[in-house]
Amino acid sequence: MWERLWAELGIGGWQALALVVATTVLFWFFTWLMHAFGARLRLRVSTASLALMTVVGAITARSILGERPTMAAGVIALTVLFFWEWVLRRGSRWLRRRRGVHRLAWLVMADGQVRPEPLRKLGISEGNLMIRLRRAGVTALRQVEYAIIESDGSLTVVRAGQDVDPELLVGVAGLAGRGGEPVGDAAAGEAL
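This is the structure:
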């Protein structure tokens with residue numbers, strides 16, 4: 011009875027090793043995809059983007075778990091995924107501290123003017139930026155002192171006339187020479 015139960019819920023040694031390798035490769039591939047296209051996908055407001063992310067997630071999950079998913083395979087896959095996420099988070103913190111940059115973000119609008127170059131590099135259209143500005147309650151472009159695409163793809167709008175603590179702008183690419191000192195390594199253009 012226990013053997014039959016383990017056959018339904020468990021996984022063999024070689025299968026477990028293959029699962030760890032597949033999960034690791036797919037985690038890093040998916041992480042690269044999100045780094046390359048994530049800001050655009052998270053900012054773009056479209057049914058196609060949602061469909062794409064759903065299909066990518068389904069393919070990734072199916073590829074990790076294999077032909078016959080079991081409880082043990084799920085536990086192993088989740089453990090490996092959380093392990094690599096922890097490694098990535100710790101590595102990112104270490105790298106930011108080493109560079110002296112608290113976060114990485116991109117200035118896409120300044121003084122009511124759209125900056126097309128960072129939008130192009132991020133793969134975001136001006137139309138998608140306008141949608142997000144309207145959602146943020148912006149009714150006129152002149153109201154925008156800064157529009158910043160954050161590292162997670164969200165949009166931050168600093169309205170004209172607002173006081174902003176300079177510490178909050180550390181790591182925003184494109185703010186060098188705007189009312190003060192260069193802002194982190196990103197000010198040198200490395201982020202773009």
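Basically my numbering = 1-based index in the sequence shown + 10.
Just so it is clear, CB atoms sit at the ideal spot from N, CA and C, and this is done for glycine as well.
Quantities reported herein were computed from a predicted structural model and do not represent experimental measurements.
Using only CA atoms, which one of the options lies nearest to residue i?
{"i": "Gly84", "options": "Leu36, Ile21, Arg125, Trp38", "result": "Ile21"}
{"i": "Ile74", "options": "Glu18, Leu29, Thr80", "result": "Leu29"}
{"i": "Phe47", "options": "Arg130, Trp12, Val154, Gly23", "result": "Arg130"}
{"i": "Thr41", "options": "Arg14, Thr80, Ser102", "result": "Ser102"}
{"i": "Met63", "options": "Leu43, Pro79, Gly76", "result": "Leu43"}
{"i": "Ile86", "options": "Pro128, Thr34, Arg100", "result": "Thr34"}
Per the DSSP calculation, residue i is bridged to which residue(s)?
{"i": "Leu165", "result": "Ile159"}
{"i": "Met119", "result": "Val124, Ala157"}
{"i": "Val182", "result": "Ala115"}
List the whole-angstrom C-beta distance separating residue i from residue j, where the pair is believed to meet the contact cut-off of C-beta under 8 Å.
{"i": "Ala183", "j": "Ala115", "result": "7 Å"}
{"i": "Val167", "j": "Leu139", "result": "That belief does not hold up - the Cβ atoms of Val167 and Leu139 are roughly 11 Å apart, past 8 Å."}
Counting only the same chain and skipping the five closest in sequence on each side, list residues whose C-beta sits under 7 Å from that of residue i.
{"i": "Gly23", "result": "none"}
{"i": "Gly189", "result": "At Gly189, the pLDDT of 44 sits below 50, so the modelled position is not reliable; the number obtained from the coordinates is stated separately. Within the same chain, Gly189 has no close Cβ partners at all."}
{"i": "Leu36", "result": "Thr70, Ser73, Ile74"}
Keeping to the same chain, check which residues put their C-beta closer than 8 Å to that of residue i; ignore five residues upstream and five downstream.
{"i": "Arg125", "result": "Leu117, Val118, Met119, Gly184"}
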